[in-house]
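J.: So in our numbering, spot 607 of the sequence shown is number 607, and the numbers just go up one at a time. Ideal placement from N, C-alpha and C gives every residue a C-beta, glycine not left out.
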Amino acid sequence: MMDYPKRLIEVDLPIKRISAHARREKSIRHGHISTLHIWWARRPLAACRAVICAALWPDPADPLCPESFRQAARTWMRQWAANHLTLLEAESLKRFLGYQKDPGKLDDNEELRCALLDFIADFANWDNSTRWEYLQTARALTQTAHEALGGLPGTRPLVVDPFAGGGAIPLEALRVGADAFASDLNPVAVLLNKVVLEYIPKYGQQLADEVRKWGEWVKKEAEKELAEFYPKDPDGATPIAYLWARTIRCEGPGCGAEVPLIRSLWLAKKGNRSVALRLIPNRKEKRVDFEIIENARGRDVGEGTVRRGSATCPICGYTTPVASVRRQLKERRGGTADARLFCVVTTRPGQQGRFYRLPTERDLGAVKKAAAELERRQREHQGPLSLVPDEALPVMSGVFNAPIYGHDTWGSLFTPRQALAMLTLTRTLFKLREKLNGMLENGLEIAILCSLALTLNKVAERLTSLSRYDTSAKMSGIIGIFSGQRLPMVWDFGEGNPLLDRSSGWEQCLKWHLDVLSECSKLDLYCGNVIASSALAHPLSNDIANCVFTDPPYYNAVPYADLSDFFYVWLRRTIGNCYPDLFADPLTPKEEEICEMAGWDPDRYPHKDGKWFEQKMTQAMAEGWRILNPAGVGVVVFAHKSTDGWEAMLQAMIDAGWTITASWPIDTEMSTRLRARNSAALASSIHLVCRPRINSDGSGQTDNIGDWRDVLQELPRRIHDWLPRLAKEGVVGADAIFACLGPALEVFSRYSRVEKASGEVVTLKEYLEHVWAAVAREALGMIFEGADATGFEEDARLTAMWLWTLSTGPNGNSHTRNQLEFGLEAEERDDGEEASRPAKISGFVLEYDAARKIAQGLGAHLENLASLVEVKGETARLLPVAERSRYLFGKGTSQPGGRKKKQPVQMQIFGPGAGAKGEEGEAGEMPAFSPGATVLDRLHQSMLLFGTGRGEALKRFLVEEGAGRDPRLWRLAQALSALYPASSEEKRWVDGVLVRKKGLGF
């Protein structure tokens, strides 16, 4: 292979600090590109910025690092120590104060590396992303590195992202001073990237000013046509949201009443304000009337009418089953056009807060008038495209369930008034194009129209019958259609007023867009390049890129093309003629989209299974290899839920000719997001760093064969070098396992193939089994503080490693009970109806394959540990200690749970007859039991005795029966105390046992 100076990212990365900035960024809105337009699974800018700097800058401590880069880096870091200490974060300040006192410290190349890593960590902070001091330094270092590594003077390094999506990676490439080439197959993604990477750098603040000017013009023009359909109240109040419910007919015997489908009767439940609905059965009219309750109390508010898709009639009490609800709504194309308006939310001049009232004839008349106007326009319309999008909305099991209820076109998601508002805004954009014709430079005109069309998309996302009313929101309370990555059915929905300065209105959506334009204009960016292209046939020539950095699709994680059709059909009607090549087809291209879709939609995508995905991803990785300069670096982001998923991705990269040199887990999600609340590990995205596997002449390497014995000999050394170092960074558990992948895989992937002495080729899957084993052994050594872990039986080793894998430490969020799923999708279930909360899972859950690998690496076998681990389908659960009570103490005990009335722990564990307190406060008769066969069993027995308040029994067990004389019990207790979640019973119990140690003479 070629010799090259290692980049910083191949040596070290301050992932703890970068992760903190990435998590925080998810809550930032003002000026962030996420508010420009929705795109699914967009990478945090903080992570992208840090990774690009570390991938482009060489490691100054590497012997091959160009001296010119070292000198420039020293100069810049000394300037920071001398002039910019106030801009540094606390973690960096101490080091740079030392440089200020002694600039000579930076003559040490390893110290210089630390300084650059501190700078990268601080630059990852959103607050520093537009500071000129950071931008100037980053761009100077990027340029110096480029030229020092052989780039032509005056040129910039080229960063290529073949799956550009929401544009985070190429934007950050431009920010740090590189050139960016962004491509994507999806036309919606291409437009987003054009705005961010081409239009903003080219036109800057002028674009923002023109978009503001013409955006206000669009609002005024649309208001002339739409105001009558959104009338103000006679008393001056302004309706900001209209609450609707779909309806069915009760199928109870002799009933036939109209049943509004409403999930919850609460309208507001925040602070001191509580407002709710009361359902009033009207048997005579066979319908339900409503009453609004102010200052409502819980006992005054009834249940909603719909639960898991079935609807209960408030008049007769009959529950119409889900199949009948689906059938009725399907017959009425989702029940949107004839939904029932049951409440209007208003604001009043001079008064704070929101107010709630029942709908009036005035409200209903405006709705009818809008429906009539829509019908008139459709009747008179002539043109190649329908006014309201009639493109098909497919059924996709578990993802697009709204079509099951009759929403068979994208246009059917809109009520008549919503559709009329969208048509009016669309028509106004057409008028604007005619008005602008020739007034400005053609490119600027298109940029303005593109920005306003994307603004209209933001309005559309909140102006549908799948948009929900949020009782806690500060704005209009309208939640967009894509609060998740699917289209579930929504029974009662909220309709915002598109003319208002609220979260669903044109004015607010325009403001979000303008904030991004203005914020990015401050960056003084070079123009990037954006093109519509498949990653399977990249348009760039060989060896042209200095860095290929991409976040590819993960099997079936996100159906990007089908989701983006919602926006595509409106863009085609607003600015399709500005981009005829992008919008030539009725819907987004899907045939070449690299997503596993067969499971979701076997009718349309029978061939797009897992094997197809892996073949296409290998092809895409090979294209990335082709366009990368032989001395360049690749970074691939991966966060699939299963071990099989990331093993396939690694195999695709190795097959495509890559050598993996490092891997870094960076947190990319807020700790409060839904999946994080049910998944303590894999909150991080793994950034795989790789190099082309090539010969010294730059040709692809195909005949370098590795010896299996040599690989196995080097593997444990690599893990031993990395794992303790990661622990010092606060990286433990699943994140540490993935961070070890890079160093471990470099040993394997540097070869074209690895063979055993017999000539048999070693598969990646087989090698990864050894990686897991090496990580497990090293981790156990750390857990037991260097003691020989082989002295413990397999159940203790497995328990310790299991809990360690689920821990996330300071890099993420410490795990808690019912939040321990490694690599499992724990999002709310969606059975075609409103998503419901998942059932809580007690114990400590891993994906089965991950558990199997851990066990195998420790020489344990899950099938022999049924008293400790429960395997169900694709999950494996380490049982809570309380659930082991029957096994540990015999038949006289019972495991907790199942009782409605809370009982003392000893009652739960030892049964009703064993829990009475004795005269001295000690629990009554203790069922006879034998000491457990293993150290873990005896520790768990001790913990349960402590947990049930049986101090004397615990003393007899530890002292008289000798369980406490085994030093392994205390060593294991100490280790598990550090591993059990802080709020768990297990943690309290094991600490209680440890507290008794000294008093018992041990």
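Going by beta carbon distance, what residues of the same chain come within less than 6 Å of Pro314, once the five residues before and after it are set aside?
T.: Here the set comprises Leu279, Pro281 and Val288.
J.: What is the residue span of the beta strand (DSSP E) that Pro724 lies within?
T.: First-last for Pro724: Trp708 to Lys728, but that is the alpha helix (DSSP H), not the beta strand (DSSP E).
J.: Under 6 Å Cβ to Cβ from Val569, same chain only, skipping five residues before and after it: list those, please.
T.: Cβ neighbours of Val569 beyond the five flanking positions: Pro389, Glu391 and Trp410.
J.: Less than 8 Å between the C-beta atoms of Glu221 and Lys431, yes or no?
T.: Yes.
J.: Can you tell me whether Asn704 is buried or exposed? The criterion is at least 16 other CB atoms within 10 Å of its CB, across all chains shown.
T.: Asn704 should be labelled exposed.
J.: Give me the residue from Ala860, Trp80 and Gly733 with the minimum Cα distance to Arg797.
T.: The option with the nearest alpha carbon to Arg797 is Ala860.
J.: Considering Pro157, what are the terminal residues of the alpha helix (DSSP H) in which it resides?
T.: Run containing Pro157: none; DSSP gives neither H nor E here.
J.: How many angstroms separate the CA atom of Lys998 from the CA atom of Glu960?
T.: If you take the alpha carbons of Lys998 and Glu960, they lie about 16 Å apart.
J.: Considering only DSSP beta bridges, list what Tyr405 is partnered with.
T.: Tyr405 is not bridged to any residue.
J.: Looking at the structure shown, is Glu874 part of a helix, part of a strand, or coil, going by DSSP?
T.: Note: Glu874 maps to coil in three-state DSSP.
J.: Which parts of the region 93 to 164 are runs of the alpha helix (DSSP H), unbroken and 4 residues or longer, counting only runs that do not cross its ends?
T.: Runs found: 109 to 123 and 132 to 148.
J.: Rounding to the nearest angstrom, what Cα-Cα distance links Arg677 and Gly484 in this structure?
T.: Legend: pLDDT at Arg677 = 30, less than 50; position of this residue unreliable, value from coordinates given subsequently. Arg677 and Gly484: Cα-Cα distance of roughly 15 Å.
J.: Determine the extent of the alpha helix (DSSP H) in which Val322 is found, giving its start and end residues.
T.: Start and end: Val322 to Glu331.
J.: Considering just the uninterrupted stretch of the alpha helix (DSSP H) at Pro170, what are its terminal residues?
T.: Counting along the chain, the alpha helix (DSSP H) containing Pro170 begins and ends at Ala168 to Arg175.
J.: According to DSSP, Asn529 sits in a beta bridge with which residue or residues?
T.: Asn529 is bridged to Phe181.
J.: So, using beta-carbon positions, are Glu647 and Lys756 closer together than 8 Å?
T.: Going by C-beta atoms, Glu647 is not nearer than 8 Å to Lys756.
J.: For Ser504, which of Leu540, Asp515, Leu945 and Ala460 has the nearest alpha-carbon?
T.: When each option's Cα is compared against that of Ser504, the closest is Ala460.
J.: Using DSSP with H/G/I as helix, E/B as strand and the rest coil, what is Cys65?
T.: Here Cys65 sits in coil by DSSP.
J.: Could you check what DSSP says for Trp600 in three-state terms: helix, strand or coil?
T.: Reduced to three states, the DSSP call for Trp600 is coil.
J.: When DSSP builds the beta bridges, which residues end up paired with Pro665?
T.: Ile686.
J.: So which of Thr455, Pro488, Lys458 and Arg502 has the shortest CA-CA distance to Gly477?
T.: Comparing Cα-Cα distances from Gly477 to each of Thr455, Pro488, Lys458 and Arg502, the minimum goes to Arg502.
J.: With a Cβ-Cβ cutoff of 8 Å, do Asp562 and Pro403 count as a contact?
T.: Not a contact, by the Cβ cut-off of 8 Å.
J.: For the beta strand (DSSP E) that contains Val399, what are its first and last residues?
T.: Note, Val399: premise wrong, no beta strand (DSSP E); not H, not E.
J.: With 16 as the cutoff for other CB atoms within 10 Å, does Gln1020 come out buried or exposed?
T.: Nothing about residue 1020 can be reported from this structure: the residues present for the chain run from 1 to 1002 only.
J.: For my contact list, Glu729 and Lys16 are in at a C-beta cut-off of 8 Å; report their separation, rounded to the angstrom.
T.: Their Cβ separation, rounded to whole angstroms, is 5 Å, which keeps Glu729 and Lys16 in contact under 8 Å.
J.: Over what stretch of residues does the alpha helix (DSSP H) that includes Ala22 continue unbroken?
T.: Unbroken alpha helix (DSSP H) run through Ala22: Ile15 to Glu25.
J.: How about Phe638 and Asp161: are their beta carbons less than 8 Å apart?
T.: Cβ distance not < 8 Å, so Phe638 and Asp161 don't count as in contact.
J.: With Trp80 and Phe96 assumed to form a contact (beta carbons below 8 Å), what rounded beta-carbon distance in angstroms separates them?
T.: Between Phe96 and Trp80 the Cβ distance is about 6 Å, and since that is below 8 Å, they are a contact.
J.: Roughly how many whole angstroms lie between the Cα atoms of Glu623 and Tyr526?
T.: Answer to the nearest angstrom: the Cα atoms are 26 Å apart.
J.: Check for me: the alpha helix (DSSP H) holding Gly496 runs from which residue to which?
T.: It is not in any alpha helix (DSSP H) - Gly496 instead sits in the beta strand (DSSP E) that spans Asp492 to Gly496.
J.: Using only CA atoms, which one of Val845, Gly254, Leu540 and Leu116 lies nearest to Ser183?
T.: Selected option, being the one with the closest Cα: Leu540.
J.: Buried or exposed for Trp132, going by 16 or more other Cβ atoms inside 10 Å?
T.: Flag for Trp132 reads exposed.
J.: Look at the alpha carbon of Phe163 and the alpha carbon of Ala90, and state the distance between them as a whole number of angstroms.
T.: Looking at the two C-alpha atoms, the distance is approximately 36 Å.
J.: Identify every run of the beta strand (DSSP E) within the region 608 to 662, keeping only runs that are complete inside it and at least 3 residues long; order them along the chain.
T.: Listed in chain order, the complete beta strand (DSSP E) runs (minimum 3 residues) inside the region 608 to 662 are 628 to 638.
J.: With respect to the beta strand (DSSP E) encompassing Trp266, which residues constitute its N-terminal and C-terminal limits?
T.: Trp266 -> beta strand (DSSP E) spans Trp266 to Lys270.
J.: Taking buried to mean at least 16 other C-beta atoms within 10 Å of its own C-beta, is Asn577 buried or exposed?
T.: Counting Cβ neighbours within 10 Å, Asn577 comes out exposed, since fewer than 16 surround it.
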